[in-house]
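Encoded as structure tokens, the structure appears first; notes follow it.
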Amino acid sequence: MLDKGLTPKVMLDMYYHMALARAVDDRMWILNRQGRAPVVYTSNGHEAAQVGSAFALNRGEDWICPYYRDLALVLAYGMTAREVMLHLLGRAEDPNSGGRQMPAHWGHAERHILTSGSVVATQDAHAAGLALASKVLKDGRVSVAYFGEGSTSQGEFHEALNFAAVHKLPVIFFNENNGYAISVPSRKQMAVQDVAARASGYGMPGIIVDGNDPIKVYEVVKEAADRARRGEGPTLVEAKTYRFVPHSSDDDDRAYRSREEVAEAKKRDPLVMFEAYLRDQKILNDKKLKEMQQQIKDVVNDATDYAEKAALPDPSTLADYVYSS
Amino acid sequence: MAVLSYLEAIRETLRQELAHDSRIIIYGEDVGVRGGVFRVTEGLQKEFGEDRVIDSPLAEAAIVGTAIGAAINGLRPVPEIQFADFIFPAINQIVQEAARIRYRSNGTFGVPMVIRAPFGGGVHGALYHSQSVEAFFAHVPGLKVVVPGTPYDAKGLLASAIEDEDPVLYFEHKAAYRSLKGEVPDDRYLIPIGQADLKRQGKHLSIITYGLMVSYALKAAEELEKDGVSVEVLDLRTVRPLDVSAILQTAKKTGKVLIVHEDNLTGGVGGEISALISEHALFYLDAPIMRLAGPDVPAMPYSPPLEHAFMVTPEKIRDKARELAKF
Amino acid sequence: MATEVVTMPQLGESVTEGTINEWLKKVGDTVDKYESLLEVATDKVNAEVPAPVGGTIKKLLVDPGATVPIGTPICEIEVPGGVEESSASHSPLPTSQSAPLATEDHDRIEAPAPKVDAASAGERGRYSPAVRRLAEEHGINPGQVSGTGAGGRVTRDDILRASESETMIGAVSTSKAPASQSAGASLVVESIPAVIDEGDNVRPLSSVRKVIAERMVRSKQTVPHAWLMVEVDVTGLTELRNHMKRDFKEREGLSLTYLPFMMRAVVEGLRTVPEMNAQWNQDSIVLKKRINIGMAAATDRGLVVPVVKDADQKNVVGLAKATQDLVQRARSGRLTLDDLSGGTFTVDNTGAVGTVLTYPVINAPEAGIVTFESIVKRPAVVGNMIGIREMVNLCLSFDHRVVDGAEAGRFLQVIKKHLEAIGPDTSIY
């Protein structure tokens, strides 16, 4: 396992980002319930899939095309907790959108996090296009589209995978399959068991991975990225995972899934499992964990304070950036 | 300076631009080996290679969606939609993504790309090979919509569109491809997007139009000249952004305005132009602003008498202009 | 039998059209030569027009209320003993004597009526925004321009052509105004028609009302009005008048009002600033030699403006007599055509209706009109003290084509100075 480039230090860093994401997530919900943040989209439960995949990439160089579930992903990809909070609270300084987009519409040009809209699966084509440019420009970059299993019902999912496969583009289609598109279970979304099964229809490998195990995700994505860089074309990765909380702060998941089901899923909480693994490997101990938890607490408090004090956008900027000039 | 057809002017511009800027790629259905169903891209793949002139799968949303990604990652994609009528599967990518990306990212991302699409009727193309779709896009802030009316403008506007940092829709009229010919300088030149061109000076009334209708309006103007009616023809060249000052200038000059487009009447570009004139030039108007446009039927029918009844022709423009002149 | 066609007579010099007030005969009536046939109103006089021949009224061609140019046929009289006509032309008399003005004849000129349906008017009176703007800019009455557009519409180019043409009627020209169109009719068609609801009382226009309306519209449409006001301390004048009004009445047999003083001051102003005693004439300005001051006078029948001729030749007493005479004759309807013509400037004693500020309408083609507002007691600074003074406002509207604010201001200053110089000992003779 360690020969894949995962030193104890890197694994601790992975754990840190997973824990940070969970803490930021929790704080966002608190702000929402206090009436200070209008809406929150969560990555709670998806941390291993997102952080594991991010660590497999050349962060800041390869392109990621996230969707609204990807808080842990963007944190692992270099977005700071402050930047997340600025975005949540619609502040002028928000690097995602300057307060224009609703929360969880990620985008960070410097960090190569593609800006995202709300219509699902559009980013699949963007990722293929970014990869098309990489192929033409030979810049060695890999692009990764992140998406839920619900969005695989969209035509653009099909179009993008087909396009990428035909042109052997350096792109990874990374599905975070948590079993629900808001309330609609995956059996009503598709007649196949696995999203990955579709890959063969496009002529690319389809890999299923335990999305609650960051190391396994890391390995799979690492290999897909290597393939892409070798010019062997795209890979469809399906990370099986679970969302522990409702779709958003406006959702109530009790309407569509039982508490027992959620409790059962939580037994495989990626954060708990990874902590146990690191302890088992003697990489993490109580002291270190405590230090890390304190550090995370400080970061989250700082981010919240910073964002709450930050300036709101000036209404006079409403018409800025419609065009380049 | 060579005399080129409208189509040749576009092809030569693409050739010149591909040579001028290595970031430019062309792709779409049949654009490579076949050189496009209208032969606009003929010979370009041979000259510039399969990496730069690419036959893409038959999927418009993917064509535009990947062009967005490619543009963000450093290329200057010039995708072709085979017929403007087929652009609708890609409308989400164009309107929700390409047009909004700069705005939604607070200016940190941009999508420099040009979507070329043949449009317009009068070529027996029926409902799905005859449409004018510019008004859908002219409605969208963040997009630029260019509709050249002459070979000369086709070249200068296409070069500008490719240099532009924002997404541009470049609509080429199918009936103009081979019917319109004109002198086109060999050297590269740019015509600014958003600048109308006064194609003919006149004093009794103004025809404001764009695309194929420019040549039709000029024909009508020549005929009316014989009756002593002096017609001014303003070629918008760009329907978003509109050249408001040129529109108001000609409206104020003649006091009578006829707006002509092939796109259907209701919600067409003409309505916007009319509103601008009413708002800003009311006291110069000597007659109601008139519009001559495609009728409000879902699209252009196939059978010749039906097609002819739909099409805006030089004769229809002449008659409408005469009515306005007499007012 | 022969038919004599009666045309609209010219009632007074410079008169170009007449309005038929009333037909005194109806179809079928016999009329003697020289017997009054109809009453005509012009912008100068009202007059009964006698029949040029005797005979039977065959047709009345113009309805009461309609205004037609001089020379327009208005009536046909069948003259006995003339050439026999075919029996076919013997039309039976109207069966209903109570409705003599049947309207079947296509060549009749209909009286303008309040329009309920504007669309029925055709295009003549409907002006585009461009026409309205250009007409105003060039001081053109579009109703007097012949239209070349669809349905006779006056086009933008018609106005531009008219503005270039020398023969254009801009302001009401005194000597050579070729009125091509009925002014009364154009007045009505230009205006936005009234909304007539059930129960509203629609009162037909009297001829005087019509003339006033037409003149006001012409003045406001063709003369660029500008406006100034000065405040004048007339404490001295008030003292003088109070001091001598009883003696004056006894001696002269008439009341001493403020009006003659005002006129006297205006005469001084016009002498000093002759540009105010002038008229606009398209490509020139006519500086009038005589100073004839019109005075607006309200009568039962409406506003009239009799003129004090050669006002500069009269002292205050002379002016008092002249104004008194005109007012009395105006009220009794005995003004002559001469009384009403030749004015070069107008004074309006608006103080009589209690106002302190007025924006008077110029009596074109004159270049100005000044009002004399109510005299009111007001605190005012005199030297370094505050005192109770008799104050009056003078308001001047002037034709800005003829003079600028500088001359107009100077004109008012002369009047002010003259009025303020009057004291209890000033001679009025």
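Chains as they are written, first to last, in this note's numbering: chain Z, 1 to 325; chain S, 326 to 652; chain E, 653 to 1081. Glycine included, each C-beta is placed from N, C-alpha and C at the ideal position. Note that the structure is predicted; figures quoted are calculated from it, not measured.
Item: Is M928/E near A963/E, with beta carbons less than 8 Å apart?; Value: no
Item: Compare the Cα-Cα distances from Q101/Z to each of A191/Z, F157/Z and Y41/Z and report the closest residue.; Value: Y41/Z
Item: Give the straight-line distance between the Cα atoms of L20/Z and G45/Z, rounded to the nearest whole angstrom.; Value: 13 Å
Item: Once you ignore the five residues that flank Q749/E on each side, which residues in its own chain have a CB closer than 6 Å to its CB?; Value: Confidence is the limiting factor: at Q749/E the pLDDT is only 38, short of 50, which leaves the residue's position unreliable, though a coordinate-based value still follows. Around Q749/E: no qualifying Cβ.
Item: What does a CB cutoff of less than 7 Å around A196/Z pick up in its chain, not counting 5 residues either side in sequence?; Value: G206, I207, I208, L236 and E238
Item: If we require 3 or more residues per run, which beta strand (DSSP E) segments fall completely within the segment 863-933 of chain E?; Value: 877-885 and 930-932
Item: Identify whether K678/E lies in helix, strand or coil by the three-state DSSP scheme.; Value: coil
Item: Sort V705/E, E674/E and I722/E by Cα distance to E662/E and report the nearest one.; Value: Looking at the sequence shown, residue 662/E is not Glu but Gln. The shortest C-alpha separation from Q662/E is found at I722/E.
Item: Using CA coordinates, which residue listed in R359/S, F462/S and A424/S is at the minimum distance from D410/S?; Value: F462/S
Item: Please list the terminal residues of the continuous beta strand (DSSP E) segment that includes A175/Z.; Value: Strictly speaking, residue 175/Z in this sequence is Asn, with Ala absent from that position. Its beta strand (DSSP E) spans residues V171 to N177.
Item: Out of curiosity, what's the CA-to-CA distance linking R36/Z and A344/S?; Value: 55 Å
Item: Taking all protein chains shown into account, decide if H529/S is buried (16 or more other Cβ within 10 angstroms of its Cβ) or exposed.; Value: buried
Item: Helix, strand or coil for H498/S, going by three-state DSSP, please let me know.; Value: strand
Item: Express the C-alpha separation of V692/E and A699/E in angstroms, rounding to a whole number.; Value: 5 Å
Item: How is P1053/E classed by DSSP in three states: helix, strand or coil?; Value: Correcting the residue identity first, residue 1053/E is Arg in this sequence and not Pro. Of the three classes helix, strand and coil, the one that applies to R1053/E here is coil, per DSSP.
Item: Cutting at 7 Å between CB atoms, please list the residues of its own chain near W106/Z, excluding the five before and the five after it.; Value: P66, D70, V74, N96, I113 and S116
Item: Start and end of the beta strand (DSSP E) containing A109/Z?; Value: Element bounds for A109/Z: n/a, residue is neither H nor E.
Item: In three-state DSSP terms, what is P752/E?; Value: Annotation note: pLDDT 36 at P752/E (below 50); position unreliable, no value reported.
Item: Quick check on N417/S - is its C-beta less than 8 Å from some C-beta in chain Z?; Value: yes
Item: When you compare only the Cα positions, how much space is there between A612/S and L573/S?; Value: 15 Å
Item: Using a Cβ-Cβ distance cut-off of 8 Å, determine whether P510/S contacts chain Z.; Value: no
Item: For V119/Z and A327/S, what's the separation of their Cα atoms in angstroms?; Value: 47 Å
Item: Applying a beta-carbon distance threshold of less than 9 Å, which residues of chain E neighbour L559/S?; Value: By Cβ distance, chain E contributes nothing, its closest Cβ being about 18 Å from L559/S, past 9 Å.
Item: Select from L523/S, E375/S, V471/S and D621/S the residue whose C-alpha is nearest the C-alpha of F444/S.; Value: V471/S
Item: Do L369/S and the ligand MG come close, with the Cβ less than 7 Å from some heavy atom?; Value: Among the ligands in the structure shown, none appear at all, so the ligand MG cannot be discussed.
Item: Evaluate the contact criterion for the segment 1021-1032 of chain E versus the segment 993-1011 of chain E: three or more CB pairs, one atom per stretch, below 8 Å.; Value: yes
Item: At the level of alpha carbons, what is the spacing between S993/E and T951/E?; Value: 17 Å
Item: Does the Cβ of M79/Z have 16 or more other Cβ atoms within 10 Å, making it buried, or fewer, making it exposed?; Value: buried
Item: Less than 8 Å between CB atoms is the rule here; does L607/S satisfy it with respect to chain E?; Value: yes
Item: Indicate whether at least one CB of chain S lies closer than 8 Å to the CB of A770/E.; Value: Note that A770/E has pLDDT 37, beneath the 50 cutoff, so the model's placement of it is unreliable and no number is given.
Item: Which residues of the segment 567-584 of chain S have a Cβ closer than 7 Å to any Cβ of chain E? Give them in chain order.; Value: G580
Item: Under 7 Å between beta-carbons, which chain C residues line up against D611/S? List them in chain order, please.; Value: Any reference to chain C falls outside this structure, whose protein chains are Z, S and E.
Item: With a 10 Å radius around its C-beta and 16 neighbouring C-beta atoms as the bar for buried, classify Q931/E as buried or exposed.; Value: buried
Item: Using the three-state DSSP reduction, which class does N321/Z fall into: helix, strand or coil?; Value: Before going further, note that residue 321/Z is Tyr rather than Asn in the sequence given. Coil at Y321/Z, not helix or strand.
Item: Can you tell me where the beta strand (DSSP E) with H586/S in it begins and where it stops?; Value: V582 to N589
Item: Counting contacts by CB-CB distance shorter than 8 Å, is H126/Z in contact with chain S?; Value: yes
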